[in-house]
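K.L.:
My structure is below; once you've seen it, I'll send some questions.
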Amino acid sequence: MKTAIVILNWNTRDFLEQFLPVLLVSAGCAPDGQPLGDHAVIVADSASTDGSMEMMAEKFPGVRRIPLDRNYGFTGGYNRALAQLEGFDYFLLLNSDIEVQPGWLEPLVAYMDSHPGCGACGPKLHAWQDRDRFEYAGAAGGYLDAYGYPFCRGRVLKRVERDHGQYDDGPRSVFWVTGACLMVRSSLWRELGGLDDRFFAHMEEIDLCWRIQLAGWSVDVVPASVVWHVGGGTLPNNSPWKLELNYRNNLLMLENNLAKTYAARLYRKDPLRAARQGSAQARRVITRRMLLDGLSGLVYLLTGEWASLRAVLKAHKAYRTLRRTETPEEIAAWLPGNRAEVRGLWTKWIVLAALLQGDRIFETVHKI
């Protein structure tokens, strides 16, 4: 079959019950979920306790269900679920709190079919509560700034645009697309080992998209496809645990990919020299990012946000424990023959640019 549309569920019965019927129709499945064409909808369940699977068995018995013995997070859950799937060209990771409309899937499949150099793609992401406004988690495709802060076409920090077609100038290569609705070649997923299990949740899709680019593939947004995202269905935005994951995983993501990215740009004839220079440059950037995190912690201290301060401190401690640093020798061995062309890594600091430019920051983003 062409596409496995996989929803990883953890106690989101209401979203499944609300959004599955239209999804099944759009994927060419029977109302009970039985696949009738090229696409299948599959629900992997992270040991939910809200009756999700009982409801699925009653109302959507044709949907394949993959039960997991516990909640392994977004990363571990998808890695375990997708390891059980064979015979699909593409995996499409879809949040349970995504609403689709007829015709959303075809542009993504057609784009992947016709662009063999594309490793992953995604749609435009709108807010479910405000239909023509971009949604925070991905908007119209994302970039990464000089210190690892992610931002999007249509969303910078907490400022979000309305979609009036400003990013509809055809598919475009970006740095990352949202994990709320992410299509990736199944063969590439397996080659790269899927998501990084250490992340558990948050920023794992940005790390994957970065690794996809380092492997020589593009990551593209396809604006002809639009979906609507509720957001915050599992962890609320004010959760200290969510804050800790974001701080920790941002550093892990930089540790995973930054040295290779710089080394690939510097590489001419001597791979070891380029690897050493790239590693040193990456270390400087990560140190600066940790200092910026420390300034955030100081703000939390001065404003009495003790839970947020603890989240930053715990994130840095966990990063030091979990990080896996490649040696210059390992990077040098990778360099010859690599096809890496990382796009969408901005050379400036988005936080400062947004403070100085206000709403005009979107004019800058549009030109990247």
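Numbering (numbering that gives the first Met the number 0), first residue to last: 0 to 367. By construction, the Cβ of each residue, glycine as well, lies at the ideal position given by its N, Cα and C atoms.
Would you mind working out which of 19, 28, 241, 248 sits nearest residue 207, comparing C-alpha positions?
P.N.:
Counting from one through the sequence shown, the residue named residue 207 turns up at place 208. Minimum Cα distance to residue 207 is reached at 248.
K.L.:
Return the chain-ordered list of same chain residues with a C-beta closer than 8 Å to the C-beta of residue 287, the five sequence neighbours on each side being excluded.
P.N.:
Looking up residue 287 in the sequence shown gives position 288. The answer, listed in chain order, is 146.
K.L.:
Tell me whether residue 7 sits in a helix, a strand or coil according to DSSP, three-state version.
P.N.:
Taking the first residue of the sequence shown as position 1, residue 7 is located at position 8. It is a strand residue.
K.L.:
In the structure shown, what three-state DSSP assignment does residue 202 receive?
P.N.:
In the sequence shown, counting from the first residue as 1, residue 202 sits at position 203. Coil, per DSSP.
K.L.:
At 3 residues or longer, what runs of the beta strand (DSSP E) sit wholly inside the segment 255-292?
P.N.:
Whole beta strand (DSSP E) segments, 3+ residues: zero.
K.L.:
Which complete beta strand (DSSP E) runs does the segment 162-229 hold, if anything under 3 residues is left out?
P.N.:
Whole beta strand (DSSP E) segments, 3+ residues: 180-184, 217-228.
K.L.:
Would you tell me roughly how many angstroms separate the C-alpha atoms of residue 326 and residue 251, rounded to the nearest one?
P.N.:
The residue labelled residue 326 in the question sits at position 327 within the sequence shown. The residue labelled residue 251 in the question sits at position 252 within the sequence shown. For residue 326 and residue 251, the distance between alpha carbons rounds to 15 Å.
K.L.:
Checking 9 Å against the spacing of the C-beta atoms, do residue 315 and residue 266 come in under that value?
P.N.:
Translated into positions along the sequence shown, residue 315 becomes position 316. Translated into positions along the sequence shown, residue 266 becomes position 267. Their beta carbons are not under 9 Å apart, which means residue 315 does not touch residue 266 by this criterion.
K.L.:
Rounded to a whole number of angstroms, what is the C-alpha to C-alpha distance between residue 342 and residue 173?
P.N.:
The sequence position of residue 342 within the sequence shown is 343, counting from 1. The sequence position of residue 173 within the sequence shown is 174, counting from 1. Cα to Cα, the separation comes out at about 6 Å.
K.L.:
With distance defined between alpha-carbon atoms, name the residue in 21, 290, 257 nearest to residue 277.
P.N.:
Translated into positions along the sequence shown, residue 277 becomes position 278. Nearest of 21, 290, 257 to residue 277, Cα basis: 257.
K.L.:
Considering just the uninterrupted stretch of the beta strand (DSSP E) at residue 65, what are its terminal residues?
P.N.:
Taking the first residue of the sequence shown as 1, we reach residue 65 at position 66. Residues 63-66.
K.L.:
Can you grab the Cα-Cα spacing for the pair residue 222 / residue 166, in whole Å?
P.N.:
If you number the sequence shown from 1, residue 222 lands on position 223. If you number the sequence shown from 1, residue 166 lands on position 167. Distance between the alpha carbons of residue 222 and residue 166: 7 Å.
K.L.:
Identify which residue in 242, 255, 118, 275 has its Cα closest to the Cα of residue 190.
P.N.:
Within the sequence shown, residue 190 is the residue found at index 191, counting from 1. If we check each option's Cα against that of residue 190, 118 comes out closest.
K.L.:
Under the assumption that residue 239 contacts residue 307 (Cβ atoms under 8 Å), give the Cβ distance between them as a whole number of angstroms.
P.N.:
Against the sequence shown, residue 239 aligns to sequence position 240. Against the sequence shown, residue 307 aligns to sequence position 308. At roughly 6 Å, the Cβ-Cβ gap stays under 8 Å, so residue 239 and residue 307 are in contact.
K.L.:
Write down every uninterrupted run of the alpha helix (DSSP H) in the segment 302-361 whose length is 4 residues or greater and which is fully enclosed by it, in chain order.
P.N.:
Complete alpha helix (DSSP H) runs here, min 4: 305-321, 327-333, 349-356.
K.L.:
Assign residue 149 to buried or exposed, taking buried as 16 or more other Cβ atoms, counted over all protein chains shown, within 10 Å of its Cβ.
P.N.:
Taking the sequence shown and counting its residues from 1, the one referred to as residue 149 is at position 150. When all chains shown are included, residue 149 counts as buried.
K.L.:
Excluding sequence positions up to five away, which residues of its chain have a Cβ less than 7 Å from the Cβ of residue 71?
P.N.:
Position 72 of the sequence shown, counted from the start, is the residue given in the question as residue 71. Excluding residues within five positions, the ones whose Cβ falls inside 7 Å are 45, 79.
K.L.:
Should residue 34 be labelled buried (16 or more other beta-carbon atoms within 10 Å of its own) or exposed?
P.N.:
As a first step, residue 34 must be located in the sequence shown, where it is residue number 35. That one is buried.
K.L.:
Report yes if the C-beta distance between residue 330 and residue 259 is below 9 Å; otherwise report no.
P.N.:
In the sequence shown, the residue the question calls residue 330 occupies position 331. In the sequence shown, the residue the question calls residue 259 occupies position 260. Their beta carbons are under 9 Å apart, which means residue 330 touches residue 259 by this criterion.
K.L.:
So, using beta-carbon positions, are residue 3 and residue 67 closer together than 9 Å?
P.N.:
Against the sequence shown, residue 3 aligns to sequence position 4. Against the sequence shown, residue 67 aligns to sequence position 68. Contact: no.
K.L.:
Are the CB atoms of residue 140 and residue 176 nearer to each other than 9 Å?
P.N.:
As a first step, residue 140 is located in the sequence shown; it is residue number 141 there, counting from the start. As a first step, residue 176 is located in the sequence shown; it is residue number 177 there, counting from the start. Cβ distance < 9 Å, so residue 140 and residue 176 count as in contact.
K.L.:
With a 10 Å radius around its C-beta and 16 neighbouring C-beta atoms as the bar for buried, classify residue 94 as buried or exposed.
P.N.:
Against the sequence shown, residue 94 aligns to sequence position 95. Buried, by the Cβ-count rule.
K.L.:
Who are the Cβ neighbours of residue 161 in its own chain at under 6 Å, not counting the five residues just before and after it?
P.N.:
Stepping through the sequence shown from its first residue, residue 161 is reached at position 162. Excluding sequence neighbours, residue 161 sits near 131, 132.
K.L.:
Between the C-alpha atoms of residue 228 and residue 209, what's the straight-line distance to the nearest angstrom?
P.N.:
For the purposes of this step, residue 228 is identified with residue 229 of the sequence shown, where counting begins at 1. For the purposes of this step, residue 209 is identified with residue 210 of the sequence shown, where counting begins at 1. Residue 228 and residue 209: Cα-Cα distance of roughly 23 Å.
K.L.:
For the beta strand (DSSP E) that contains residue 93, what are its first and last residues?
P.N.:
Position 94 of the sequence shown holds residue 93. Looking at the DSSP string, the run of the beta strand (DSSP E) that includes residue 93 is 89-93.
K.L.:
Could you tell me the alpha carbon to alpha carbon distance between residue 168 and residue 332, rounded to whole angstroms?
P.N.:
Residue numbering aside, residue 168 sits at position 169 when the sequence shown is read from its first letter. Residue numbering aside, residue 332 sits at position 333 when the sequence shown is read from its first letter. So the two alpha carbons sit approximately 39 Å from each other.
K.L.:
Can you say whether residue 366 is buried or exposed, counting buried as having 16 or more other CB atoms within 10 angstroms of its CB?
P.N.:
Here residue 366 corresponds to residue number 367 of the sequence shown, with the count starting at 1. Per the 10 Å Cβ criterion, exposed.
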